[in-house]
Amino acid sequence: MSYRKPSLLPFACILLFVILAGPSRPAAAQEMMPDSTAADSLAAGDYSYRSIRGFERNEHKTGRAFLKTVNALLWPPRALIDLTLTSAGFSAVLIDEKKIIKKFEDIFYLYDHKFGWFPVLNIVTGNPRGVGLSFFYREKYFGAGIKGAYNNTDIWGIKGELSHVFFRNRYFWNLELIGRLQNDDNFRFYGIGADPQNDPRSHFRPESSSDYGIYSQRRALINLNLGVRPSGNWEFFFSSFYQKRTVRNPSAAHAANIDNIFLSDSLPGAQIKSKKFYNELSFRFDNRPNLSIISPGTRFEAYLGYSVGFKNDNEQLLRSGFDFSTYIPVLRRNRVIIPRIVFDMVEDLREGEQIAFVEYPRHISFRGVNDKTLLRSDNYMLVPSLEYQWPLTYHISAHLFADYLMVSDTPLGFETTNAPWAVGFGMAAHTRFSELMRMNIAYGSEGIFLKFSFGLSFLYKDRSDWK
């Protein structure tokens, strides 16, 4: 595979586009909705405890003449961009978009929003990867849900969830139990290291005709989560799960099956059945005044986890990492530039042992490929990104982004040479309670990538779900 040499051009493009991509709603015109942090970690039907963690500042009147001049000069390109983007956003120019979202809520939420159902659709670069249904029930302190998706006999999954919110010692707690059974094929493994084709740890066959191998996987998982929110800015979590994983060739014969591309007897993790217990402690800090609308602030989360295998699985893995981003306002408080850096690492506590390739950190935050593509795998992973967000309408926001992906076998060995990159545009629509739809279009070292997701989402990044 050939890669274009990374440069600062993707980041420069976003910075140049910041002012022009300005068709936004004023902050005061956006509805104040329930805090999505609670939906992320303390998901339940009780919204009474969620409050906006701040107040809108009074408008500064200094420099008004300068801003009026700039706005007048930029009005033509802004009007063109506004017409293009808002027309794509459910024809929001011609139809009251708030009524569309309200219609969605009336259809999918029943009995005072206690019971609901939702269709599920995932499309990746034009190919539907799953169609299904999600059902959920919410009481004041109790929630339950079940979700299923099906594509064919090789791609299907089902997930059930129970949650309970309670109040102890002036803190809100959430206890959650999740069960999942999933079968999926067409995972792509590109090898190990920043230059996998030339890294001896990849164990490519000498006669390999492809730069990646395809494998199938079945997982059964039971997960217990406990979260506490001592204040509006801080959340702490404990997560524990048992997982059984089976890795094998896809059912259909294919020239790129993992056994045909890699020396499976030498590559750890190929053709395995593993059983693991995993325990993790993590925290999240987020001081944005409100998470349902675009607002400035800082978000930081970090975790430390330990997993141990049993029976035929002898691995003892230590995982750690952090996710840091800051939301910097540009001209208006509801337009923000977001520098972000995500770091993940894993080490086998056994001396001199190489871990299974499916246990390396996943680049979930890299938007140039889907989450079934192991584009780069190694003990240490770094994903820096730059994003610009602005609201299009009450319920629709847009974003521009640029991502890099770097891996290394040592903490300080990251290099930009041959590092995958992606730049793109995306839109997201949400109801008062959760995200309804997300679409990303990216172009980068891996070509053009389109991802469209439709279905109820609490925007919860299940980091402990090591796919």
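By the working numbering, the letter at position 332 of the sequence shown is numbered 334, and the numbering carries on one by one without gaps. Positions of the beta carbon are idealized from the N, C-alpha and C atoms, including for glycine.
Query                                                                                                                     : Result
Cβ neighbours of MET439 in the same chain (closer than 6 angstroms, five flanking residues each side left out)            : ALA431 and PHE456
Spatial neighbours of ARG286 in its chain, beta-carbon cut-off 6 angstroms, leaving aside the 5 residues before and after : GLU237 and GLU303
Beta-carbon proximity check, VAL344 vs PRO363, cutoff 7 angstroms                                                         : no
For ASN154, the first and last residue of its enclosing beta strand (DSSP E)                                              : 144 to 154
As assigned by DSSP and simplified to three states, the class of ILE450                                                   : strand
Neighbourhood of TYR139 by C-beta, 6 angstroms cutoff - its chain only, sequence neighbours within 5 removed              : PHE117 and ALA146
Buried versus exposed call for SER253 [16 or more other C-beta atoms within 10 Å across all chains shown]                 : exposed
GLU361 (DSSP reduced to helix, strand or coil)                                                                            : helix
For ASP405 and ARG369, believed in contact at Cβ under 8 angstroms, the rounded distance                                  : 5 angstroms
Segment limits, beta strand (DSSP E) that includes ASP201                                                                 : That residue, ASP201, is in no beta strand (DSSP E); it is neither H nor E in DSSP.
Among ASP156, TYR143, LYS149 and ASN171, the one whose alpha carbon lies nearest that of SER165                           : TYR143
Boundaries of the beta strand (DSSP E) in which ILE343 is found, first to last residue                                    : 334 to 350
is_contact[GLY145, chain C] using C-beta, thresh 7 angstroms                                                              : Protein chains in the displayed structure number just one, and chain C is not present.
Inter-residue spacing [alpha-carbon to alpha-carbon] between THR419 and SER387                                            : 17 angstroms
Pick from LYS313, GLU317, ARG301 and SER322 that is closest to GLY307, judged by C-alpha positions                        : SER322
In DSSP terms, what ASN227 is bridged to                                                                                  : GLU178 and SER241
Run of the beta strand (DSSP E) containing ASP261, from where it starts to where it stops                                 : Where ASP261 is concerned, there is no enclosing beta strand (DSSP E), although the alpha helix (DSSP H) it sits in stretches over 260 to 263.
Euclidean distance between Cα positions of TRP392 and GLN273                                                              : 46 angstroms
Buried versus exposed call for LEU384 [16 or more other C-beta atoms within 10 Å across all chains shown]                 : buried
TYR111 - DSSP class collapsed to helix/strand/coil                                                                        : strand
Supposed contact pair GLY193 and GLN184 - C-beta distance, whole angstroms, cut 8 angstroms                               : Contact flag wrong, Cβ pair sits at about 24 angstroms.
Option nearest PRO202 by Cα separation, candidates ILE296, LYS453, PHE264 and ARG337                                      : PHE264
Top-ranked residue by Cα proximity to PHE191, from THR412, PHE240 and VAL249                                              : VAL249
Buried or exposed by the 16-neighbour rule on C-beta atoms within 10 Å, applied to GLY449                                 : exposed
DSSP state of LYS116 mapped onto helix, strand, coil                                                                      : coil
Selection from ASP186, ARG335 and TYR173 that minimises the alpha carbon distance to THR155                               : ASP186
N- and C-terminal bounds of the beta strand (DSSP E) containing LYS313                                                    : Where LYS313 is concerned, there is no enclosing beta strand (DSSP E), given that its DSSP letter is neither H nor E.
Supposed close pair GLY195, ILE260 - CB separation, criterion 8 angstroms                                                 : Not confirmed; about 17 angstroms, so no contact.
Close Cβ partners of GLN219 (< 7 angstroms) along its chain, the five nearest in sequence each way excluded               : ASP186, PHE189, ARG247, THR248 and VAL249
Residue from PHE206, ILE148 and GLU209 whose Cα sits closest to the Cα of GLY181                                          : ILE148
Assigned secondary structure, ASP186 (DSSP; H/G/I helix, E/B strand, else coil)                                           : strand
Cβ-based burial, ASP288 [other Cβ within 10 Å; buried from 16]                                                            : buried
Enclosing beta strand (DSSP E) for LYS275 [first to last residue]                                                         : 275 to 288
Identity of the residue in GLY150, LEU293 and TYR305 nearest PHE239 by Cα                                                 : TYR305
Rounded C-alpha distance that separates VAL230 from PHE324                                                                : 19 angstroms
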